[in-house]
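Below: the structure, in structure tokens.
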Amino acid sequence: MDKHRDFLVEIGTEELPTRSVRPLAEAFAANLLAGFDEAGLHYRTVESFATPRRLAVRVTKLAPHPPDRNVERRGPPVRVAYDETGKPTQAALAFAESCGAALQDLTTEQTPKGAWLVYRAAEPGKPTQNLLPGIVESALRNLPVPRQMRWGSGEHSFVRPVHWVVMLFGGEIVNATLFGVRAGNRTRGHRFLAPQELTISRPATYLQVLETKGRVIADPERRRQRVLEAVTAAAGRVSGEALLDDELIDDVAALVEWPVALAGRFEERFLELPPEVLIATLRGHLRFFPLRDANAKLMPGFIAVSNLASRQPDQVRIGNERVVRPRLEDAAFFWQADRKRRLAERADDLRRVVFQEKLGSLFERQRRLRTILLYLSEATGIDDAVATRIAELAKCDLLTQMVSEFPELQGIIGRYYAQADGEPDAVALALEEQYLPRFAGDRLPESRAGNAAAIAEKTDTIVAIFAIGEKPSGTRDPFGLRRAALGVLRILIERRIDLSLPELIRVAKDSLPLETPDTLEAEVYDYMMERLRVYYTETPGEGIGHDQFDAVLANRPASPLDFHQRLMAVKAFLRLNAAPGLAAANKRIANILRKTGEAFPARPNEADLREPQEKLLFARLAELKEELPPLIAGRDYRQVLERLATLEEPIDSFFDAVMVMSENEHLRRNRLALLDELRALFLATADLSRLQIG
Amino acid sequence: MGSGAASRRPATFQELILALQSFWAERGCVIAQPADMAMGAGTFHPATFLRALGPEPWKAAYVQPCRRPTDGRYGQNPFRLQHYYQFQVVLKPSPLEIQEIYLDSLRALGIDTLVHDIRFVEDNWESPTLGAWGLGWEVWLNGMEISQFTYFQAAGGLDCRPVTGEITYGLERIAMYLQDVGSVFDLLWTETTAGRLSYGDIFRQNEVEMSTYNFELADTDFLFERFKQSERSCRRLIAAGLSLPAYEQVLEASHSFNLLDARRAISVTERQRYILRVRRMAQSVAEIYCASREALGFPLLRQEREHEAQLG
Numbered sequence: 010m011d012k013h014r015d016f017l018v019e020i021g022t023e024e025l026p027t028r029s030v031r032p033l034a035e036a037f038a039a040n041l042l043a044g045f046d047e048a049g050l051h052y053r054t055v056e057s058f059a060t061p062r063r064l065a066v067r068v069t070k071l072a073p074h075p076p077d078r079n080v081e082r083r084g085p086p087v088r089v090a091y092d093e094t095g096k097p098t099q100a101a102l103a104f105a106e107s108c109g110a111a112l113q114d115l116t117t118e119q120t121p122k123g124a125w126l127v128y129r130a131a132e133p134g135k136p137t138q139n140l141l142p143g144i145v146e147s148a149l150r151n152l153p154v155p156r157q158m159r160w161g162s163g164e165h166s167f168v169r170p171v172h173w174v175v176m177l178f179g180g181e182i183v184n185a186t187l188f189g190v191r192a193g194n195r196t197r198g199h200r201f202l203a204p205q206e207l208t209i210s211r212p213a214t215y216l217q218v219l220e221t222k223g224r225v226i227a228d229p230e231r232r233r234q235r236v237l238e239a240v241t242a243a244a245g246r247v248s249g250e251a252l253l254d255d256e257l258i259d260d261v262a263a264l265v266e267w268p269v270a271l272a273g274r275f276e277e278r279f280l281e282l283p284p285e286v287l288i289a290t291l292r293g294h295l296r297f298f299p300l301r302d303a304n305a306k307l308m309p310g311f312i313a314v315s316n317l318a319s320r321q322p323d324q325v326r327i328g329n330e331r332v333v334r335p336r337l338e339d340a341a342f343f344w345q346a347d348r349k350r351r352l353a354e355r356a357d358d359l360r361r362v363v364f365q366e367k368l369g370s371l372f373e374r375q376r377r378l379r380t381i382l383l384y385l386s387e388a389t390g391i392d393d394a395v396a397t398r399i400a401e402l403a404k405c406d407l408l409t410q411m412v413s414e415f416p417e418l419q420g421i422i423g424r425y426y427a428q429a430d431g432e433p434d435a436v437a438l439a440l441e442e443q444y445l446p447r448f449a450g451d452r453l454p455e456s457r458a459g460n461a462a463a464i465a466e467k468t469d470t471i472v473a474i475f476a477i478g479e480k481p482s483g484t485r486d487p488f489g490l491r492r493a494a495l496g497v498l499r500i501l502i503e504r505r506i507d508l509s510l511p512e513l514i515r516v517a518k519d520s521l522p523l524e525t526p527d528t529l530e531a532e533v534y535d536y537m538m539e540r541l542r543v544y545y546t547e548t549p550g551e552g553i554g555h556d557q558f559d560a561v562l563a564n565r566p567a568s569p570l571d572f573h574q575r576l577m578a579v580k581a582f583l584r585l586n587a588a589p590g591l592a593a594a595n596k597r598i599a600n601i602l603r604k605t606g607e608a609f610p611a612r613p614n615e616a617d618l619r620e621p622q623e624k625l626l627f628a629r630l631a632e633l634k635e636e637l638p639p640l641i642a643g644r645d646y647r648q649v650l651e652r653l654a655t656l657e658e659p660i661d662s663f664f665d666a667v668m669v670m671s672e673n674e675h676l677r678r679n680r681l682a683l684l685d686e687l688r689a690l691f692l693a694t695a696d697l698s699r700l701q702i703g
Numbered sequence: 032m033g034s035g036a037a038s039r040r041p042a043t044f045q046e047l048i049l050a051l052q053s054f055w056a057e058r059g060c061v062i063a064q065p066a067d068m069a070m071g072a073g074t075f076h077p078a079t080f081l082r083a084l085g086p087e088p089w090k091a092a093y094v095q096p097c098r099r100p101t102d103g104r105y106g107q108n109p110f111r112l113q114h115y116y117q118f119q120v121v122l123k124p125s126p127l128e129i130q131e132i133y134l135d136s137l138r139a140l141g142i143d144t145l146v147h148d149i150r151f152v153e154d155n156w157e158s159p160t161l162g163a164w165g166l167g168w169e170v171w172l173n174g175m176e177i178s179q180f181t182y183f184q185a186a187g188g189l190d191c192r193p194v195t196g197e198i199t200y201g202l203e204r205i206a207m208y209l210q211d212v213g214s215v216f217d218l219l220w221t222e223t224t225a226g227r228l229s230y231g232d233i234f235r236q237n238e239v240e241m242s243t244y245n246f247e248l249a250d251t252d253f254l255f256e257r258f259k260q261s262e263r264s265c266r267r268l269i270a271a272g273l274s275l276p277a278y279e280q281v282l283e284a285s286h287s288f289n290l291l292d293a294r295r296a297i298s299v300t301e302r303q304r305y306i307l308r309v310r311r312m313a314q315s316v317a318e319i320y321c322a323s324r325e326a327l328g329f330p331l332l333r334q335e336r337e338h339e340a341q342l343g
């Protein structure tokens, strides 16, 4: 009897694109599993392995074949299958033959419409051995390869040329040919340290053979861990601490099969460069880890990770040190050369740099920023002179050599150069802070001018891109509008800047060089509010549900800060005992008011009140109508809702005792007016009828 | 499969060139000579760009002087030049063992692959002006980029079948490494009976004067005019079915564009348009070049088949 066996497939390639190494292996595994599932093949676990030169997947306990399939075919009716003498007819014999069965293997099935001849059997699945080539091939064909390539004279295409294929089912080689390469049981070790072919006898030995004989750590997680340990240890040996960065570690781990870390040095004089520049130089192209000392100051050194246990490690170190120098030399040259010209002098050159074809140059963009910043100056508490100066310099650093070399340093370089030019500190800092927050969870600007600059920069982008019809769709968001929208909202809320979002959008819109549809403001407002919804409802710990968000959104508060305050009040309200009852009452009232087609007076008439319960409610309402407006004006929504919570009992007894839809038209209309007034009082904070409680 | 073991290092710049030439000559390459026009990279040499088109096999290696006007630093920067040399190898179709052959060439230069950390790091190549792209790597020697490696997928807008493998050695960088010098100008070009000649002895004045020309004195009106002229000539030559002279006009236009770029005479939006204009020329040339080879019956393909038939 066949047993479950482990399965291994390895595709040996020329060096894969760094950022594809792991994702491709993971996708390979996922595609294989989908293939097994589709074929009905059972397995226990799956692991994916990847190095620059291989993608591999190992599956444990793969079934030797799919389970038997029950087949059932219906043949002719029994009355046709046998003649009067009970002998089988030609029809019966032909059916049996078509099923590959003898007549006596067929059964009959009774149905209300009569009896039928039926063939039933358990068909065994094809052996897994035979299924594997097709499953693997289709898994590879459907990998998310950004760009396929061909090589030589062949017509095969893959992410890089394929050199070998290992395919083992248990100890047995799978009979397959992929990319013109016959599958076998031989892999290859490290390109230099163990170039010979290595035999893998069973899938279970794969990692171990590669590591001990092949000098290859094929498990990407283990290799990443090795990189981390090696870098940390190498830094420790020179009494430093490596500046670790997840993305850099991932990249480095995807560039080596056998990581060896080494510490190198560069000349002290380069420490005069801004630390951001040093770090960007070391990390960027070179993929080195910067070092800092116990005082958190950068050291004139770095950790590099090589792919070789070198016979002369010093040679590798010296080589790497020589690579750093020209790069730092370039940066030092830019640092010197850029500062020979004031930032402000570059403003005119911005006319030549296109921001977006329909939206004009960066010069025009700076002019728009000026308009928005001047609008923001009061709300953010900055001088008009500061606002104007920020706008005049905002994009000038994009024209410096340093930023063209290190685009990720935009703004930071602006700050350094503005300081060197003697610009006011507030202006210099705002040049950097305009880009904050750069990613989800990033810090917000610290300075008031920085807040204003960041709001202006992002609002212009959002409104301008919406205006040319390029708003994000699906996962497509080339201008980073999602991030920008949330950035603006977070600054307004967390920095407690109270201003009208529709008005801000209008200011941005009016400064655009093109005609815009009237619907643009509402469209942008809605878009931004949806980003805010995602932020609140998906941030762990906030505990905000869509219903709470909708309750507040019903009012479309103009100021995001106001929105936030209402939302927090609703959240607190939900903890009150009265909350479920009041939410239900609001729902009931909303329903009554929605369903009635009847006109009723603008306010209830005291003289038309009959029952004591409606009189009581009226009286309580009158009190609250006095009390609440100043609280609402002061945005003390918590207090407002707490006061409203005291209505729970009067409302309950009202509904218990009073028949709203009375036969008497006069009374009925008066009661509707009373409910309408009650509802308006609640709505002034939020639409509690939308809350889902219990 | 080569071991890490390495040969003796070439001691001079010219020995480096000679070593690479003989290495690739031994592997069946035509040792071509540099194209006699200004160009930004060895890829522009007809021995690469045009030969990569169509079905004919081709193996060549050559030195190509390259001009990158914007990279000039008036001879002040020890690593940057506006005029430098590439050693270019093209193998069509690309052999499966092309990486190993390349590594052997490094060993032939005295680079021990068990001492030095050599890696192939993704670097995809695209030449917008040539309508060409390919996938490949930059090759790192202890973190320093010393070569470019590309599998051509398309050139002149046409799919490359078979695929040409292109290897470009950065000669100055490799030489600086082999000679252990910190400035390109200190490279020993050769040692003659009359004494030592450095790279700087030969080229420093050129860097200073050409940087001045590129950045300050190049006549932009003339260059714009020359660009237009080249474009016109190119069209006329294409109409006449003359792909090789038409290609020279592409090179002419491309270099005019590079100079205008160094003079910052072309705005960002216009820049894109100029690139497209060169690309259109290159694509037309590619098409008529292929047609002309086909009209000749793809002579190199025929020759290869006859040769194989003789070998039986």
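So the sequences go chain by chain: C and W. Count along the first sequence starting at 1, add 9, and that's the number in our numbering. Count along the second sequence starting at 1, add 31, and that's the number in our numbering. Note that CB positions come from ideal geometry on N, CA and C, so glycine has one too.
Exposed or buried, what is residue i when buried is set at 16 or more other beta-carbons lying within 10 Å of its beta-carbon?
i	result
Ala-628(C)	exposed
Arg-78(C)	exposed
Ser-107(C)	exposed
Ala-689(C)	exposed
Ala-313(C)	buried
Gln-179(W)	buried
Let me make sure I understand the geometry here. Which of the options has the alpha-carbon closest to that of residue i?
i	options	result
Ala-59(C)	Glu-24(C), Leu-50(C) and Val-89(C)	Glu-24(C)
Gly-643(C)	Arg-542(C), Gln-701(C), Asp-507(C) and Ala-105(C)	Asp-507(C)
Asn-155(W)	Gly-174(W), Leu-282(W), Phe-288(W) and Ala-185(W)	Ala-185(W)
Gly-188(W)	Gly-106(W), Leu-127(W) and Ala-317(W)	Ala-317(W)
Val-175(C)	Ala-463(C), Ala-36(C), Pro-153(C) and Ile-209(C)	Ile-209(C)
Val-362(C)	Arg-40(W), Gly-213(W), Gln-303(W) and Glu-157(W)	Gln-303(W)
Glu-87(W)	Glu-128(W), Gln-341(W), Leu-332(W) and Leu-51(W)	Leu-332(W)
Arg-99(W)	Lys-90(W), Ala-83(W) and Tyr-116(W)	Tyr-116(W)
Gly-179(C)	Arg-360(C), Val-18(C) and Gln-345(C)	Val-18(C)
Arg-379(C)	Gln-410(C), Ile-464(C) and Gln-157(C)	Ile-464(C)
Taking the continuous beta strand (DSSP E) assigned at residue i, which residues delimit it?
i	result
Lys-518(C)	Careful: Lys-518(C) lies outside any beta strand (DSSP E), inside the alpha helix (DSSP H) at 510 to 519.
Asp-15(C)	14 to 22
Gly-549(C)	Contrary to the premise, residue 549(C) reads as Pro rather than Gly in this sequence. Note, Pro-549(C): premise wrong, no beta strand (DSSP E); not H, not E.
Ala-272(C)	269 to 274
Arg-82(W)	Per DSSP, Arg-82(W) belongs to no beta strand (DSSP E) and is neither H nor E.
Ile-149(W)	149 to 153
Arg-191(C)	190 to 193
Ile-312(C)	307 to 315
What are the partner residues of residue i, as DSSP defines its beta bridges?
i	result
Ile-62(W)	Ala-92(W)
Glu-325(W)	Bridge partners of Glu-325(W): none, in fact.
Met-158(C)	Phe-167(C)
Ser-178(W)	Val-170(W) and Tyr-200(W)
Ala-131(C)	Asn-79(C)
List the endpoints of the continuous alpha helix (DSSP H) containing residue i.
i	result
Thr-468(C)	457 to 476
Leu-237(C)	229 to 246
Report the residues of the segment 306 to 330 of chain C with a CB closer than 7 Å to any CB of chain W, ordered along the chain. So the close ones are Ala-313, Ser-315, Asn-316, Leu-317, Ser-319, Arg-320, Gln-321, Gln-324, Val-325, Gly-328 and Asn-329.
Quick one: which residues of the segment 154 to 170 of chain C get their C-beta closer than 9 Å to a C-beta of chain W? List them in chain order. Going along the segment 154 to 170 of chain C in chain order, one finds Arg-156, Gln-157, Met-158, Arg-159, Trp-160, Gly-161, Ser-162, Gly-163, Glu-164, Val-168, Arg-169 and Pro-170 with a Cβ nearer than 9 Å to chain W.
Using a Cβ-Cβ cutoff of 9 Å, what residues of the segment 243 to 262 of chain W are near chain C? List them in chain order. Cβ proximity to chain C below 9 Å picks out nothing from the segment 243 to 262 of chain W.
Scan the segment 164 to 180 of chain W for residues whose Cβ lies nearer than 7 Å to a Cβ of chain C and list them as they occur along the chain. Of all residues in the segment 164 to 180 of chain W, Leu-166, Trp-168, Leu-172, Asn-173, Gly-174 and Met-175 have a Cβ within less than 7 Å of some Cβ in chain C.
Residues within the segment 136 to 164 of chain W neighbouring chain C, beta-carbon criterion of under 8 Å: Under the 8 Å Cβ criterion, the segment 136 to 164 of chain W contributes Asp-143, Thr-144, Leu-145, Val-146, His-147, Asp-148, Ile-149, Arg-150, Phe-151, Val-152, Glu-153 and Asn-155.
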